[in-house]
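*Asks:*
Pasting the structure below:
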């Protein structure tokens, strides 16, 4: 065997060895372990063949190929900042974030070239169109409206892209510096106005409370004075009634004593003693008293009240 034949055999052996190595590599590549919440799109001879779910799968070497790998978990996609014009011609910069997930791996592979890029572009165009219908002040208040509109449009397109849009959130709405300064001045003015209004309301309520307090104090005092007078009047009335009862009782007792045997004589004697006592007081120095002419006539005084000897109150003197 010559040297040329040996070289030829070595080349052929090397080729077969290379073919075997490639076959072994392809054989190992045809064994696929699909993780949970993932989907592998398999093409056979360039045509869609099947979708591999989570688990162990064996493919045909050189015939089957995993063309696309999709993560079925919910993912977050940032929407880059973009310039939008509001209905009152104010330029604002808006960015956001989309939360999507793949629900149909086949459509996500063949329905659109890049569903992530397509979702970002559609979210931006929809955001611009919605903000274009709103005034600048409303763009800050209608975040939910903008988000809902973007989600609605993305859901309609996502049906053919094999994706589902869960929500869209606007992160920032940034107006120009001049507009921002004007808005800050407006906010400060509104805050000062509210502070002044709150202060005036507080002063008003304070005055009302003070007047109500004075009013209630005057009412309480008048009611107290009225009650005091009522109590005094009732006390005086009770005093008068008590005096009247006592006087009536004394008169009754006196009448009973007078009606008793010897009562009139006792009464005449007591009145005489009091009469003499009063006369003795007239002798004090410096006393000036005007008396009737018959003041010393005791019998006439007794006759004026019906206590005379003729009325048989006492036996006549001998």
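In our numbering, the protein residues as written are 1 to 318.
Every residue gets a Cβ at the ideal spot worked out from N, C-alpha and C, and that includes glycine.
#1: Only counting the same chain, and skipping five residues up and downstream in sequence, which positions put a Cβ closer than 6 Å to that of residue 92?
#2: With a threshold of 16 other CB atoms inside 10 Å of the CB of residue 126, please say whether the residue is buried or exposed.
#3: Which partner residues does residue 68 have in the DSSP bridge list?
#4: Can the beta-carbon of residue 90 be found less than 9 Å from the beta-carbon of residue 81?
#5: When DSSP labels each residue in this structure, what does residue 9 get in the three-state scheme?
#6: Counting along the chain, where does the beta strand (DSSP E) carrying residue 56 start and finish?
#7: So residue 104 packs on residue 162, CB below 8 Å; how close in whole Å?
#8: Hey, how far is the Cα of residue 240 from the Cα of residue 210?
#9: To the nearest angstrom, how far is the alpha carbon of residue 225 from that of residue 217?
#10: In its own chain, which residues sit with a C-beta less than 7 Å from the C-beta of residue 75, not counting the 5 before and 5 after it?
#11: Tell me the DSSP secondary structure of residue 184 in three-state form.
#12: Would residue 247 be called buried (16 or more neighbouring beta carbons within 10 Å of its own) or exposed?
#13: According to DSSP, is residue 175 part of a helix, a strand, or is it coil?
#14: Given a cut-off of 9 Å, decide if residue 43 and residue 64 are closer than it, judged by their beta-carbon atoms.
#15: Measuring alpha carbon to alpha carbon, tell me which residue in 242, 45, 158 and 146 is nearest residue 96.
#16: What is the DSSP secondary structure of residue 105, reduced to helix, strand or coil?
#17: Just curious, the alpha helix (DSSP H) that residue 155 is in, first and last residue?
#18: Cα separation between residue 313 and residue 244?
*Replies:* In short:
#1: 84, 173 and 175
#2: buried
#3: DSSP links residue 68 through a beta bridge to 41.
#4: no
#5: helix
#6: The continuous beta strand (DSSP E) containing residue 56 extends over residues 55-58.
#7: 3 Å
#8: 44 Å
#9: A straight line joining the alpha-carbon of residue 225 with that of residue 217 spans about 12 Å.
#10: 100 and 101
#11: helix
#12: exposed
#13: coil
#14: yes
#15: 146
#16: helix
#17: 143-161
#18: In this prediction, residue 313 scores a pLDDT of 42, lower than 50, which makes its location untrustworthy; no coordinate-derived value is stated.
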